[in-house]
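Residue numbers (UniProt numbering): 1 to 352.
Notes follow the structure.
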Amino acid sequence: MGEQFQDNNRSNRDSLEEKGIKTGLRVHLDESQKPTIPMSPSTEAEQQLTQGIQARKARKFDIAKEYFEQALISYQFLDNQPKIARIYCFLGLTLYSLGDYQQAIQYNQQSLAIAGTINNPRLMGQVLGNLGNAYRHLGDYDRAIEYQQQSLEIAQQQEDSAAQMAAWNNLGLAHKARGDGEDALDCQKHSFALAKSLRDRETMVQILKNLGNACYALGDYRQAIEYYEERLLLAQEQGNQRMQGQILRNLVNACYTLGDYQCAIVYSEQRLANARLIADYRAEEQALSSLGNAYEAIGNYPQAVHCYEQRLNVARAISDERVEKQTLDNLRITCYALGDYAKILQYQEVLD
């Protein structure tokens, strides 16, 4: 009886809706049954563009590409040249993020051509920077530098501090890639000064990394450490634990290369604590390796063994046979320095 009652109710409801349609009576329909009001072409195009931008921000680049392609067709139908130029730029950025640098260049060239026609210097400057970045990734450093210099000139003409900051940074990266260490450092200093004046702390964090890397490449390890330490303070202010771990790794490497093993131990300990806090097992085994190496370098073999044994446990936990074998070798060598031949045989048996 229950099922029949439900069917009768459904029939009554359906017949009421039919009567309502025929007689014009007000009948409340399910939302899914309501007719949709078609969007205007311009509204639809703007929605597609917005969805593409949102997908790109979420790093869903394949989805972003589809939305931008749809928006491009819509705006081409509307013959909206400023929007078309902008979408070509977005497509170029998206393909760049996907690693398709040749296609990124094609889209940016199309954007640049339209931006020049409609006299949009700001967009031209941005697109020139995009082209420079793409050519840098393709290994064409001379062309990359040429585009970045053009981008910088436009930003300076427009008195656009944010655009100048980006252009100096990109130009520095191109010089670094070509091996022009001093020029790269000079560019990054200009970029950092602008970021500081704009109080753009997020960009400051990025440029401090580039400054540290530029000094490291030039062999100025102490200056590199200063830049990395300044970057670490900003990352701590932001509460970015993962970034802190990356900076601590740079600090460990710089200290170790400098031969300052005590400094390397301090930063390795901090990196180890950070890795355990965010449950980053790869960073944990790397930090334990650095600690073991540093303790071994200063002759503290018992502490080195302690670190290597912990690293061995992590390697086994993440099933990394390469790291496990490498750590067993480290243990064998360190135990030899200690004269602990029984343990050498024990570790050798595991290796065999």
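For glycine and all other residues, C-beta sits at the position ideal for the given N, C-alpha and C.
Pick from the options that is closest to residue i, judged by C-alpha positions
i	options	result
ALA152	GLU182, TYR135, SER191	Per the sequence shown, residue 152 should be read as Leu rather than Ala. It is SER191.
LYS65	ASP79, ALA104, PHE77, GLN76	ALA104
LEU112	GLU324, GLY129, ARG201, GLU46	GLY129
VAL305	ASP280, CYS335, TYR281, ALA287	CYS335
LEU251	GLU226, ALA235, GLN236, ASN274	GLU226
ARG242	ASN213, ALA273, TYR256, ASN253	ALA273
residue 369	GLU237, ALA162, CYS215	In the structure as shown, the chain begins at 1 and stops at 352. Residue 369 is therefore absent and cannot be evaluated.
TYR141	ALA214, GLN238, LEU173	LEU173
TYR281	GLN238, GLY299, LEU331, ASP320	ASP320
SER74	GLY132, LEU351, THR43	THR43
GLN102	ILE114, CYS187, LEU138	LEU138
GLY239	LEU258, LEU211, VAL205, ALA217	VAL205
GLN156	ASP180, GLY125, ASN170	GLY125
LYS302	GLY99, LEU338, ARG271	According to the sequence shown, residue 302 is Pro rather than Lys. Checked all of GLY99, LEU338, ARG271; the closest Cα to PRO302 is LEU338.
THR257	GLU284, TYR221, GLU229	TYR221
ASN119	GLN158, GLY99, GLY132, GLU146	GLN158
ASN253	GLY132, LEU171, ALA264	ALA264
GLN326	LEU218, LYS343, TYR308, ILE207	TYR308
LEU208	ASP329, HIS175, CYS255, GLU229	GLU229
ASN169	ALA71, CYS187, GLN246, GLU269	CYS187
HIS175	GLN244, GLN76, ASN210	ASN210
GLY245	TYR216, CYS255, ALA217, ARG276	ARG276
CYS255	TYR216, GLN236, ILE278, ALA279	TYR216
ARG136	VAL127, THR117, LEU171	LEU171
GLY219	ILE278, MET39, GLY181, LYS57	GLY181
Heavy atom of the ligand FMN within 7 Å of residue i beta-carbon
i	result
ASP140	The ligand FMN is absent from the structure shown, which contains no ligand whatsoever.
Beta-carbon separation (whole angstroms), residue i vs residue j, contact threshold 8 Å
i	j	result
TYR267	LEU248	5 Å
ALA134	ASN108	7 Å
PHE68	ILE84	So it is not a contact: roughly 11 Å between Cβ atoms.
LEU123	CYS89	7 Å
ARG201	LEU234	6 Å
ALA177	GLN148	Not a contact, Cβ separation roughly 11 Å.
ALA214	LEU185	4 Å
ARG332	GLN348	6 Å
ILE114	GLN81	6 Å
ARG271	ALA297	Wrong, their Cβ atoms sit about 17 Å apart, outside the cutoff.
PRO121	PHE77	With a Cβ gap of about 27 Å, PRO121 and PHE77 do not count as contacting.
VAL323	GLU285	6 Å
MET165	LEU198	7 Å
ALA71	ALA45	6 Å
LEU328	LEU351	5 Å
Range of the contiguous alpha helix (DSSP H) that encloses residue i
i	result
ASP161	Before going on, a small fix: residue 161 reads as Ser here, not Asp. Per DSSP, SER161 belongs to the alpha helix (DSSP H) from 161–178.
ALA45	41–57
ASN80	Element bounds for ASN80: n/a, residue is neither H nor E.
GLY181	181–197
LEU251	241–258
Is the segment 92–99 touching the segment 59–70, taking contact as three or more C-beta pairs under 8 Å?
yes
For the 8 Å Cβ check, are there 3 or more pairs between the segment 314–324 and the segment 292–300?
no
Start-end ranges of the beta strand (DSSP E) lying completely within the segment 104–140, minimum 3 residues
none
Can you list, in chain order, the stretches of the alpha helix (DSSP H) that have 4 or more residues and sit fully within the segment 272–350?
281–297, 301–317, 321–338
Identify every run of the alpha helix (DSSP H) within the UniProt repeat "TPR" (205–238), keeping only runs that are complete inside it and at least 4 residues long; order them along the chain.
221–238
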